[in-house]
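What follows is a single structure, written as C-alpha cells, with notes after it.
There are 4 protein chains.
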Amino acid sequence: MYSKFLNLDQEKQDRIINAAIKEFALKGYDRASTNEIVKEAGISKGLLFHYFGNKRQLFLFLFDYCYEIIAEQFYQKINLAEKDFFTRIRQAVMIKMELLTTYPELFKFIEEAYLEDSPEVKVEVDKKVKGLNDANFGKAYEGIDFSKFRDDMDIKKVLKIITYTFEKLSEEEFSKAKLSPTHHIDYEKVFQEAEDYFEIFTKCFYK
Amino acid sequence: MYSKFLNLDQEKQDRIINAAIKEFALKGYDRASTNEIVKEAGISKGLLFHYFGNKRQLFLFLFDYCYEIIAEQFYQKINLAEKDFFTRIRQAVMIKMELLTTYPELFKFIEEAYLEDSPEVKVEVDKKVKGLNDANFGKAYEGIDFSKFRDDMDIKKVLKIITYTFEKLSEEEFSKAKLSPTHHIDYEKVFQEAEDYFEIFTKCFYK
Amino acid sequence: MYSKFLNLDQEKQDRIINAAIKEFALKGYDRASTNEIVKEAGISKGLLFHYFGNKRQLFLFLFDYCYEIIAEQFYQKINLAEKDFFTRIRQAVMIKMELLTTYPELFKFIEEAYLEDSPEVKVEVDKKVKGLNDANFGKAYEGIDFSKFRDDMDIKKVLKIITYTFEKLSEEEFSKAKLSPTHHIDYEKVFQEAEDYFEIFTKCFYK
Amino acid sequence: MYSKFLNLDQEKQDRIINAAIKEFALKGYDRASTNEIVKEAGISKGLLFHYFGNKRQLFLFLFDYCYEIIAEQFYQKINLAEKDFFTRIRQAVMIKMELLTTYPELFKFIEEAYLEDSPEVKVEVDKKVKGLNDANFGKAYEGIDFSKFRDDMDIKKVLKIITYTFEKLSEEEFSKAKLSPTHHIDYEKVFQEAEDYFEIFTKCFYK
DNA sequence: GATGAATGAGATTTCATTCAT
DNA sequence: AATGAATGAAATCTCATTCAT
C-alpha cells in the first residue's frame, strides 16, 4: 500500500514522518495543514500526495506507524516472567514513562488520534483502537497470578478500578503539565504518588 | 459584556443559542460554521458578530450559559442533608442522568468543550473547567460524614479512586453508545453495574 | 435559488454573467477557470461561490439564462401567422442568424453546452435539452399548413430530412468559420445556398 | 517519428495503445490521465513520454492509428463494382455497423476526437478530419452511376441532403443509446428506418 | 438594531512532464 | 531502454469577519 514511500531512503522518510506527526500532534486532523507538512519536510506539494494519496490516508498511515513503534518497544521491555500484578503494572507504568520521554511526539500524536472526532478519520481510528485494546488486554495480563486477589469480589471489576485509577492519574498529570509554563512532568513525584495508590489497592484487594 | 444580546426578547435569544449549541455540539469548535448558525437561527450574519464579536467569544459565552443551567438544576435537586457518601453519590449520578435526558444538547456541548483542543479556545476552557471543578468538589462533599471511612488510608486518595472509577465508567458507556448504531444508553444496566462498584467500595473503604 | 444573485445591481450581474459565459464558451466546462472568471468580472473569489455555490451550479444557471434570452427573443420575432412551411423556416433561419450576430457569446455558450460531456454537467444539460426540444418542436410548427405536402410520404420523416439538412448546413458553416482566420460567416452566401435547398425541397415534397 | 515505439514487440505496443485509447475514449482529451494510461498498460511514466514526447502527440498518433485501421477495413469490405448509389450507401452503412461492433473503442475514440475542443489538439484534428473527408468523398462515390438521378436538380446538393440525413440519423441513434440505461442500439430497427428514408429519396431524386 | 454583500487567504488535490539513475 | 521520484502551478472551494447602508 505505502510501499512506494517505504522504498525511499530512510532519512527522507523520517523527515516526512516527523514533519507530519508534529503537525497533526500540534493541531489535530482538521487544523493540520499539508502545506505546513511539506514546507517542514522540505519536499514538494505533489510528492506527499504521490505517496499517500490524500490527507486521510497519511493520517492513518502515521497512526499505524506510531502505534507499531510504541507497541514493539513496550513488549520488548516488559518482563512477562513477573507474576505479581502490582509489580507488573509498576513495570508497565515505568516503561510507558520511559517511552513517553523518548518519543514524546509519537505519544502526543496517538493521544490526539484517540480523541480525534473529525468524521473523516474517526470511524477508522475507533476501529483500530478497539482492535488494539482487545489484543493488548490479553497480553498485559499474560501469566499474572490472580490467586493473590480476594475471592469475595468480582476480579474483573477490581482490575477495572485499578486500571481506571492509573489512567485518570496519568491523564491528570498530563493536563497539569500542559497548563504549566514548562510543560514538565515531575516523574519522581508521579511514581511516589503511584506507590501510595499501589499500597491502598494491595490492602483492599489482596487476600 | 453580552448585555446587548441579553436585552433581546427571549424567543430570539433562544433561537440563536439553540442554533449555536447544536452546531458546536455536532461539529466541534473548528468545524462549526457561523454560516450554519445564522441560517438555523434565521438571523443575519452581521447580527451574530454584532452581539458576540467573534466566534471564540460566542463559544465561551455558550460554555458559561450551558454550565450555569446545568449547575443550577443540579444543586436545586441534590439533597445536601444526606450524610452518607455513597448515597450522596448515588443521588448525584441519578440527577446527572436525569439532566442528560432533559438537556442532551447542553451536555453534548459541554462534553465537546472539555475535549476541545483548538488553540483559540482550549486555554480559556481549561481555565474555566479547573475553576469549576475546584468549586464543585467542595460543594459535592458538603456535609458528608467522613467518619465512616477507614482510618488507615489517605481519604483524599480513596475519594479519587471512587471518583475516577465512576467518571471512566460513564466515559466508557458514552463511547460505547457513540459507536453503537442506535446511540442508546441502557440506564438500567448502568445503574446495576454502578451498584456492584458501590458494594466493592463499601467493603474496601468503610470501616 | 439564485435570488441572492438576482438582487444585485444589473451592472454587476452583467459583469459576472458575461465573464462567465465568455470563459465557458471559450474553454468548455472543464477547462474553464473560476479564477479567470472572477478576475475578468473584477470580483473576489468568495463572491462567485457565495452566489452560485459551485462551478456546476454556475454553469447550469448560465445555461438557463442564455436559453431564456434567446428563446424569448426568438418567439417575439417569429410570425406565427405565416402558414407556409418553407416561408416559416426561412423566417426562423433569418431570425437565428440575426440573434447569432447580436448575441454571439450566448450562442457559443449554448452550443458548447450541448456538446459538453463533462460528467458533472452532462446529464443535467441533456435533460434540459431534451425538455426544450420537445417544447419547441411543437411551437415551431404551430399553425403550419401541412396540406401542401405530398400525401404519399411519411410527413414526419420528410420534416426530419429538411430539419437535418439545415442543421448540418449551419454546423458546416460554423466549423468553416472557426477554421478560417477571420471567423467570419458570409450570411449572404448562406442565404443563397439555403434558397437552393428550399427549391429542391419544394419540388420534391410539395404536391 | 514514432519509430522507437513501432520497434517494440507487438504485445507491448498493443497494451499501450489499448490502454491509451480506452482512457481517451472514456474521458476525452483533457480529463484523460497519463497516470491511468501507464497504470493500465503496466509501463512506467517515463516510458510513455520517451516514446511519444507528450500527451498531445500520443493523442494524435492514436487518431491516425485508429483511422487507418478503420479505413483499411472499410475499403477492403466495400464492393466498388456496385454502381447503384443507394445500394452502395446501404452497403456502407452495414459495414460501418459491423466495424462498430468489432472495434467499439476505436470508434468511440474517433468520435470523441471529432468533438474534441481542447485547443491543444482541436486544430490538428480538424485538419486531419477535413483531409480525410475530402479523400473519402471521392472514394465513396467512385464508379457510381449518377445518370439515374433527376437532371433538374443540383446533384451535389442532392447528395448532401442524403448524406446529412443519414449522418444525423446515426448521431441521434447514438445519443439515444447514450442516454438509455443499457447503451444498446437496436440495429434491426435502425436498418428498417433507413430503408424508409431510402424509399423517400429514391422517389424524390431518381428519374 | 439589522442586513448581507464582499473579502482573500488558505485549504486539499491533480497532473503533465522531467531527469538522474 | 526503462524507471518512478520529484516538481509546482493551478484548480475549486470555505469561512470568519467587516462595513456601508
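Protein chains in written order, with UniProt numbering: chain A, 1 to 207; chain B, 1 to 207; chain C, 1 to 207; chain D, 1 to 207. Ideal placement from N, C-alpha and C gives every residue a C-beta, glycine not left out. Please read all numbers here as calculations on a predicted model, not as lab measurements.
Could you tell me which chain B residues have their CB closer than 8 Å to the CB of A:T165, listed as they occur along the chain?
Ordered by position in chain B, the residues that pass the 8 Å Cβ test against A:T165 are K160, I161, Y164, T165.
Starting from the Cα of A:F24, find the closest Cα among A:K128, A:M97, A:L100, A:F109 and give me that residue.
For A:F24, the nearest C-alpha among the options comes from A:F109.
Using the Cβ count rule (16 or more neighbours within 10 Å means buried), how would you classify D:K55?
By the neighbour-count criterion, in which a residue is buried when 16 or more other Cβ atoms sit within 10 angstroms of its Cβ, D:K55 is buried.
What's the gap between the Cα of A:K45 and the Cα of B:L60?
Rounded to whole angstroms, A:K45 to B:L60 spans 37 Å at the Cα level.
Do we get a CB-CB distance below 8 Å when we pair D:K148 with the residues of chain C?
Chain C, which has no Cβ nearer than 8 Å to the Cβ of D:K148, makes this no.
Looking at the structure shown, is D:Y65 part of a helix, part of a strand, or coil, going by DSSP?
Under the three-state reduction of DSSP output, D:Y65 falls in the helix class.
Assign D:S118 to buried or exposed, taking buried as 16 or more other Cβ atoms, counted over all protein chains shown, within 10 Å of its Cβ.
By the neighbour-count rule (16 or more Cβ atoms within 10 Å), D:S118 is buried.
Taking all protein chains shown into account, do 16 or more other C-beta atoms lie within 10 angstroms of the C-beta of A:Y51, making it buried, or fewer, making it exposed?
The C-beta of A:Y51 has 16 or more other C-beta atoms within 10 Å across all chains shown, which makes the residue buried.
Is the beta carbon of B:Y67 closer than 8 Å to that of B:L8?
Result no, Cβ atoms of B:L8 and B:Y67 do not sit closer than 8 Å.
The stretch 97 to 112 of chain D contacting the stretch 64 to 80 of chain D, beta-carbon criterion three pairs below 8 Å
Output reads yes: the stretch 64 to 80 of chain D touches the stretch 97 to 112 of chain D.
Which of the three DSSP states is assigned to A:Y51 in this structure?
It is helical.
CA-CA distance, C:A86 and D:K207?
It is Phe, not Ala, that sits at residue 86 of chain C in the sequence shown. Cα-Cα distance, rounded: 24 Å.
Simplified DSSP state of A:Y206, which is helix, strand or coil:
Strand at A:Y206.
Do the stretch 193 to 203 of chain A and the stretch 166 to 176 of chain A meet, that is, are 3 or more Cβ pairs less than 8 Å apart?
Between the stretch 193 to 203 of chain A and the stretch 166 to 176 of chain A there are three or more C-beta pairs closer than 8 Å, enough to call the two in contact.
Closest residue to A:E120 among A:L58, A:E188, A:K77 (Cα-Cα distance):
By alpha-carbon distance to A:E120, the top candidate from A:L58, A:E188, A:K77 is A:L58.
How long is the line joining the alpha carbons of B:K203 and B:Q192, rounded to whole angstroms?
Taking the straight line joining both Cα atoms gives about 17 Å.
Just grab the DSSP bridge partners of C:F149 for me.
C:Y206, per the DSSP bridge assignment.
Is D:I43 closer than 8 Å to D:E105 when the C-beta atoms are compared?
For the 8 Å CB-CB criterion, D:E105 and D:I43 do not form a contact.
Is there contact here, the stretch 137 to 149 of chain C with the stretch 75 to 86 of chain C, by at least three beta-carbon pairs under 8 Å?
The stretch 75 to 86 of chain C and the stretch 137 to 149 of chain C touch, with three or more beta-carbon pairs separated by less than 8 Å.
Shorter than 8 Å from the beta carbon of C:K189 to some beta carbon of chain D?
Cβ-Cβ to chain D under 8 Å: no for C:K189.
Here's a check: name, in chain order, each residue in its chain whose Cβ is nearer than 8 Å to the Cβ of B:K122, leaving out the five neighbours to either side.
Closer than 8 Å at the Cβ level, and outside the excluded window around B:K122, lie E116.
Classify D:I155: buried if its beta carbon has 16 or more other beta carbons within 10 angstroms, exposed otherwise.
It counts as exposed.
Report the three-state DSSP secondary structure of B:P119 (helix, strand or coil).
Reduced to three states, the DSSP call for B:P119 is helix.
How close, in whole Å, do the beta carbons of C:V125 and C:F63 come, if the pair is a contact with beta carbons under 8 Å?
The C-beta separation of C:V125 from C:F63 comes to about 6 Å, placing the pair in contact by the 8 Å criterion.
Helix, strand or coil at D:D186 according to DSSP, with G and I counted as helix
Of the three classes helix, strand and coil, the one that applies to D:D186 here is coil, per DSSP.
8 Å contact criterion, which C:D30 and D:D30 should meet: CB distance rounded
Between C:D30 and D:D30, the beta carbon gap of about 5 Å places them in contact (Cβ cut-off 8 Å).
Here's the rule I'm using: 16 or more other beta-carbon atoms within 10 Å means buried, otherwise exposed. How should C:L6 be labelled?
Within a 10 Å sphere around the beta-carbon of C:L6 sit fewer than 16 other beta-carbons, which makes this residue exposed.
Would you mind sorting C:G53 into buried or exposed? The rule is 16 or more other CB atoms within 10 Å of its CB.
The residue in question, C:G53, is exposed, as its Cβ has fewer than 16 Cβ neighbours within 10 Å.
A:M1 versus chain B: which residues are under 8 Å apart at the beta carbon?
Within 8 Å of the CB of A:M1, no CB atom of chain B is found; the nearest one sits about 25 Å away.
Cβ of B:K157 within 8 Å of any chain A Cβ:
Against chain A, the CB of B:K157 has a partner CB under 8 Å away; the residue lies at that interface.
As assigned by DSSP and simplified to three states, the class of C:S44
Residue state, collapsed to three classes: coil.
Would DSSP call D:G131 helix, strand or coil?
Three-state DSSP puts D:G131 in a helix.
Going by beta carbon distance, what residues of the same chain come within less than 6 Å of A:G28, once the five residues before and after it are set aside?
Excluding the 5 residues flanking it on each side, A:G28 has same chain C-beta neighbours closer than 6 Å at E112, in chain order.
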